[in-house]
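Trainee: Protein chains in written order, with the UniProt record's numbering: chain E, 1 to 323; chain U, 1 to 323. Here's a structure for you.
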């Protein structure tokens, strides 16, 4: 006597629940076996019309829902162990669920993060997808956000600002210089690339880390505030893609968009000076590009962003806030 | 430079994050320290207008959100270890958030289940509260849903049907015989009482268990199907509150509502015959009333519910389904 909800789970999500701890999704709970590791827990939800556009492809939405959580695990130096999925749906629409589940399954294999369980509920409102992801680290080694110290070098992975520009393109607020640039930037908005390959280097060599999701400037300010330090940043050292370079001019407004746009899902790390070479070498081995953009300093003032002339860049909004 | 979202978290939820693993809610992730226990994971979301009424008091909504998850942990024989909270809000309304957070804090202390972290997002639609709860059991001892065997006695805790009648009263589909009965039944709908006190007895003596959330008849059918067995039940043995007794007459429609109404958050257990006395004694020590309502049997037919004359009760809908 399976209900519609049970049918939906059996059809679309049971094939993804390959871990024995998922118990084939027939139980009320999943189990993660005892191990010598600390368990790192993170949860991020995405809401239709807020975190993704109703017109985004279902496969891209699935990837975003899982990957924003994998990005948090990577920032903590953790190895993925599995995830729980909560879906709030208006209806059980096969044309959405089939590609959504397929993409989620492909990603869960690629990142070694199996589906362990979840909940499916109906909602009369916008769709919402909430993922709770689990990772493991050796006891006591989770990399914290609040451990940055004066003198630590500030390092960021990948390129910054692409996703914000991609959203601008999708929403008609900007025009790309070519179709290829447009596709690249929109792809960066729709499909985060969690830096899981960098997790081991972060755990081994970074003193503090977080992922950049709400905007580099704001997230850096949060890391500094949590750690009780400030920082001096070289805005010209912030790594940008060629597509982003081509789109922006040198106006303050464009730089503001790059530094505070959000949805980057890159890693922001504080690395002690004597660990920097080891970190850079480990990053190179993992094939993730990283760039040193500044240095932490004593004090509790807001971090300073300096331009090519050493003048402070004035940022009017540092990051995205929901309220 | 705290954003509105960070302000909200610091103001309302940081006081609840007393566990060192919560890291004061300043990090992107929480940590559960390595231990010799298996970790039991469960997640349940509640949506405004679907799982609770917009007019329900904020404190009751908080308690329901956490307790439906504590109920799952109890059914698995697990001791609570903590929870993650995801809130999707239309706005940061203090008149909602203050009593909501206060009630959540009181419950988290009462049940020994501290807030470890979470996510707060905005939504243009109905409010949604998603909780992921963690519990611990000795390795390999999580009590499964799919382990029921022929001959096992079927036991249920507390009383069944109160919450369904409470919802009927709230929605004007029924009238109570007294104000006291009305208040009792509505309370049973609004504020589940997770049977955490019974968890140890379940782990020690039950072969299979699940919580009753979608309706006793449907949940029992799920347990039988998952276990590859059937069962014969005595409908007259299903424990009912005096308030429920006073409300219903003996019509099949009323019995149907009791057996399939849902929101009971009682525990349904399969107990091997030679463990029954020990289970009943342990339940008595925990002060949770339990009742034996039937016996599992070989076969894959739907479970049979028999009335006082030994005639099969015909149930047209076994449980609530979202789709």
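By construction, the Cβ of each residue, glycine as well, lies at the ideal position given by its N, Cα and C atoms. These numbers were taken from a predicted model, which means no experiment stands behind them.
So, under 8 Å CB-CB, residue 152 of chain U and residue 203 of chain U are touching, yes? Tell me the CB distance rounded to an integer number of Å.
Mentor: With 8 Å as the limit, residue 152 of chain U and residue 203 of chain U do not qualify as a contact, their Cβ atoms being about 16 Å apart.
Trainee: Thinking C-beta only, is residue 50 of chain U closer than 7 Å to residue 197 of chain U?
Mentor: No; because the gap between Cβ atoms is not below 7 Å, this pair is not in contact.
Trainee: In chain order, what residues of the same chain have a beta carbon less than 7 Å from the beta carbon of residue 248 of chain U, not counting five sequence neighbours either side?
Mentor: Counting only Cβ-Cβ distances below 7 Å, and skipping sequence neighbours, we find 254, 258.
Trainee: For the beta strand (DSSP E) that residue 193 of chain E lies in, which residues bound it at each end?
Mentor: Per DSSP, residue 193 of chain E belongs to no beta strand (DSSP E) and is neither H nor E.
Trainee: Considering Cα atoms alone, identify which of E/309, E/302, E/308 is closest to residue 315 of chain E.
Mentor: When each option's Cα is compared against that of residue 315 of chain E, the closest is E/302.
Trainee: Would you kindly work out how many angstroms separate the C-alpha atoms of residue 74 of chain E and residue 102 of chain U, rounded to a whole number?
Mentor: Cα-Cα distance, rounded: 33 Å.
Trainee: Tell me whether residue 243 of chain U is buried or exposed, calling it buried when 16 or more other Cβ atoms sit within 10 Å of its Cβ.
Mentor: Residue 243 of chain U should be labelled buried.
Trainee: Closer than 7 Å between beta carbons: that is the criterion. Which residues of the stretch 133–154 of chain E meet it against chain U?
Mentor: Listed in sequence order: 139, 142, 144, 145, 146.
Trainee: Sort out for me which residues DSSP pairs residue 33 of chain E with in a bridge.
Mentor: BP columns for residue 33 of chain E are empty, so no partner.
Trainee: Would you mind working out which of U/191, U/136, U/104, U/296 sits nearest residue 15 of chain U, comparing C-alpha positions?
Mentor: Nearest option by C-alpha distance: U/104.
Trainee: Measure the CB-CB distance between residue 325 of chain E and residue 38 of chain U and report whether it falls below 7 Å.
Mentor: Residue 325 of chain E lies beyond the residue range present for chain E, which begins at 1 and ends at 323; the question has no answer from this structure.
Trainee: Kindly indicate which three-state DSSP category residue 152 of chain U falls into: helix, strand or coil?
Mentor: In this structure, residue 152 of chain U counts as coil in the three-state DSSP scheme.
Trainee: Only counting the same chain, and skipping five residues up and downstream in sequence, which positions put a Cβ closer than 6 Å to that of residue 72 of chain U?
Mentor: Cβ within range, chain order: 42, 211.
Trainee: Given this structure, state the Cα-to-Cα distance separating residue 298 of chain E from residue 224 of chain E, to the nearest angstrom.
Mentor: Using only the alpha carbons, I get a separation of about 10 Å.
Trainee: By Cβ distance, which residues of its chain are closer than 6 Å to residue 86 of chain U, with the 5 residues on each side in sequence left out?
Mentor: So the list reads 118, 119, 130, once near-sequence residues are dropped.
Trainee: At a CB-CB cut-off below 7 Å, which residues of chain U make contact with residue 157 of chain E?
Mentor: Under the 7 Å cutoff, chain U gives no residues; its nearest Cβ is about 15 Å from residue 157 of chain E.
Trainee: Compare the C-beta of residue 230 of chain U against all C-beta atoms of chain E and say whether one is closer than 7 Å.
Mentor: With 7 Å as the cut-off, residue 230 of chain U does not count as an interface residue toward chain E.
Trainee: Within a Cβ cutoff of 8 Å, which residues of the same chain sit near residue 136 of chain U, ignoring the five residues on either side of it in sequence?
Mentor: Here the set comprises 35, 37, 38, 39, 40, 78, 79, 81.
Trainee: Do you know offhand how far residue 59 of chain U's Cα is from residue 70 of chain U's?
Mentor: The straight-line gap from Cα to Cα measures roughly 16 Å.
Trainee: For residue 261 of chain E, which option in E/6, E/106, E/166 has the closest C-alpha, if you only look at C-alpha atoms?
Mentor: It is E/166 whose Cα lies nearest to the Cα of residue 261 of chain E.
Trainee: Could you check which residue in U/66, U/88, U/271 has the C-alpha nearest to that of residue 107 of chain U?
Mentor: The shortest C-alpha separation from residue 107 of chain U is found at U/66.
Trainee: Looking only at its own chain, which residues have a Cβ that is under 6 Å from the Cβ of residue 275 of chain E, when we skip the five neighbours before and after it?
Mentor: Once the five neighbours on either side are set aside, the close Cβ partners of residue 275 of chain E are 205.
Trainee: Check the Cβ of residue 76 of chain E against every Cβ in chain U and list those closer than 9 Å, keeping chain order.
Mentor: Here the neighbours are 27, 28, 29, 31.
Trainee: Tell me the residue span of the beta strand (DSSP E) that contains residue 240 of chain U.
Mentor: Taken as a continuous stretch (DSSP letters only), residue 240 of chain U belongs to no beta strand (DSSP E), as it is neither H nor E.
Trainee: Any beta carbon from chain U within less than 7 Å of residue 18 of chain E's own beta carbon?
Mentor: By this cut-off, residue 18 of chain E is not an interface position.
Trainee: Look at residue 68 of chain U and residue 128 of chain U and say whether their C-beta atoms are less than 7 Å apart.
Mentor: No, the pair does not count as a contact, with Cβ atoms beyond the cut-off.
Trainee: Return the first residue and the last residue of the alpha helix (DSSP H) that residue 23 of chain E is part of.
Mentor: Taken as a continuous stretch (DSSP letters only), residue 23 of chain E belongs to no alpha helix (DSSP H), as it is neither H nor E.
Trainee: Just to confirm my understanding: we take residue 187 of chain E, look at its own chain, exclude 5 residues before and 5 after, and list those with CB closer than 8 Å. What are they?
Mentor: The residues are 166.
Trainee: Does any residue of chain E bring its CB to less than 7 Å from the CB of residue 303 of chain U?
Mentor: Not an interface residue.
Trainee: Assuming residue 231 of chain E contacts residue 296 of chain E under a Cβ cut-off of 8 Å, what Cβ separation, rounded to an integer in Å, is found between them?
Mentor: Rounded, the Cβ-Cβ distance is 5 Å, consistent with contact.
Trainee: Distance check for residue 124 of chain E and residue 146 of chain E, CA to CA, integer angstroms please.
Mentor: If you take the alpha carbons of residue 146 of chain E and residue 124 of chain E, they lie about 40 Å apart.
Trainee: Let me know if residue 159 of chain U comes out buried or exposed under the rule of 16 or more other beta-carbons within 10 Å of its beta-carbon.
Mentor: With 16 or more other Cβ atoms within 10 Å, it is buried.
Trainee: What distance in whole Å lies between the Cβ atoms of residue 134 of chain U and residue 83 of chain U, which are believed to be in contact at a cut-off of 8 Å?
Mentor: Correct: roughly 7 Å between the Cβ atoms.
Trainee: Give a yes or no on whether 7 Å exceeds the smallest Cβ distance from residue 324 of chain E to chain U.
Mentor: Chain E is shown only over 1 to 323; residue 324 of chain E falls outside these bounds and no answer can be derived.
Trainee: Taking all protein chains shown into account, decide if residue 229 of chain E is buried (16 or more other Cβ within 10 angstroms of its Cβ) or exposed.
Mentor: By the 10 Å Cβ count, residue 229 of chain E comes out buried.
Trainee: Given this structure, state the Cα-to-Cα distance separating residue 144 of chain E from residue 238 of chain U, to the nearest angstrom.
Mentor: Distance between the alpha carbons of residue 144 of chain E and residue 238 of chain U: 52 Å.
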